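Quick notes on the structure that follows.
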Amino acid sequence: MAVPTNKDELLNAINTNFDKLIAELSSFPLLVVDQCSLEGHAKKTQMSVANLVAYLVGWNELVVKWLDRDAAGEPIDFPDTGFKWNELGRLAQRFYRDYEGVPYLQLIERLAAAKARIVSLIEARSDGDLYGRPWYEKWTMGRMIQFNTASPYANARGRLRKWRKTKSLSH
Numbered sequence: 196m197a198v199p200t201n202k203d204e205l206l207n208a209i210n211t212n213f214d215k216l217i218a219e220l221s222s223f224p225l226l227v228v229d230q231c232s233l234e235g236h237a238k239k240t241q242m243s244v245a246n247l248v249a250y251l252v253g254w255n256e257l258v259v260k261w262l263d264r265d266a267a268g269e270p271i272d273f274p275d276t277g278f279k280w281n282e283l284g285r286l287a288q289r290f291y292r293d294y295e296g297v298p299y300l301q302l303i304e305r306l307a308a309a310k311a312r313i314v315s316l317i318e319a320r321s322d323g324d325l326y327g328r329p330w331y332e333k334w335t336m337g338r339m340i341q342f343n344t345a346s347p348y349a350n351a352r353g354r355l356r357k358w359r360k361t362k363s364l365s366h
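To get my numbering, take the position in the sequence shown, counting from 1, and add 195.
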């Protein structure tokens, strides 16, 4: 899928990649979603399918926080307060911990709710807001949203498909 350059393309990328991801996530038996045998986000770590969903929830809720702060005219700590871009493995570990007590199906619901909120926030903005100027360093708001929604959805789906094959899980 090409990199989105306008609001319609961004929404299409988010919705298409999300729908494919949800189909993949929904196909796993609940017996396997807590097994820590999937390559983790930090080097030499393992995670579960539930951890992967927690990671996506964490990022989606972070994007909502960025957009809400932007709309309120408040400063945004990218990627998040207390974290630098070279500490994303540590941020991933925080997301795993933040959602570790949440049942898998509720994690999926929370991911869907955060994605729906992002879509509504995008729909409320113009192409100019999303792609007309840099928002964070050289990146536009639309590109930052895409980096942290549509792209990770596609990446997660690829990880899951690869993991499924190594575990000989049927689809």
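Where a beta carbon is used, it is the ideal one built from N, C-alpha and C, also for glycine. A quick note: this is a predicted structure, and the numbers were derived from the prediction, not measured.
Using DSSP's beta-bridge definition, name the partner residues of residue i.
i      : result
Trp334 : Tyr331
Asp275 : Phe278
Met242 : Leu233
Among the options, which has the Cα closest to the Cα of residue i?
i      : options                           : result
Gly296 : Ala249, Gly284 and Asn281         : Ala249
Lys202 : Arg352, Gly353, Gly327 and Lys310 : Gly327
Met242 : Val314, Arg292 and Ala308         : Arg292
Thr239 : Gln288, Phe223 and Leu364         : One detail in the question is off: residue 239 reads as Lys in this sequence, not Thr. Of the listed residues, the one whose Cα sits closest to Lys239 is Gln288.
Pro329 : Arg356, Met339 and Lys362         : Met339
Gln301 : Ile217, Gly268 and Leu364         : Ile217
Does residue i come out as helix, strand or coil in the three-state DSSP assignment?
i      : result
Leu233 : strand
Phe290 : helix
Arg354 : helix
Just confirm the distance between the C-beta atoms of residue i and residue j, as a whole number of angstroms; I'd bet it's less than 8 angstroms.
i      : j      : result
Leu325 : Leu205 : 7 angstroms
Exercise for the section: Report yes or no: do three or more beta-carbon pairs, one from the stretch 205–223 and one from the stretch 303–314, lie closer than 8 angstroms? Expected result: Judged by pairs of C-beta atoms under 8 angstroms, the stretch 205–223 touches the stretch 303–314, as three or more such pairs exist.
Exercise for the section: Would you check if there are 3 or more beta carbon pairs closer than 8 angstroms linking the stretch 294–308 to the stretch 251–268? Expected result: With contact defined as three or more Cβ pairs closer than 8 angstroms, the stretch 294–308 and the stretch 251–268 are in contact.
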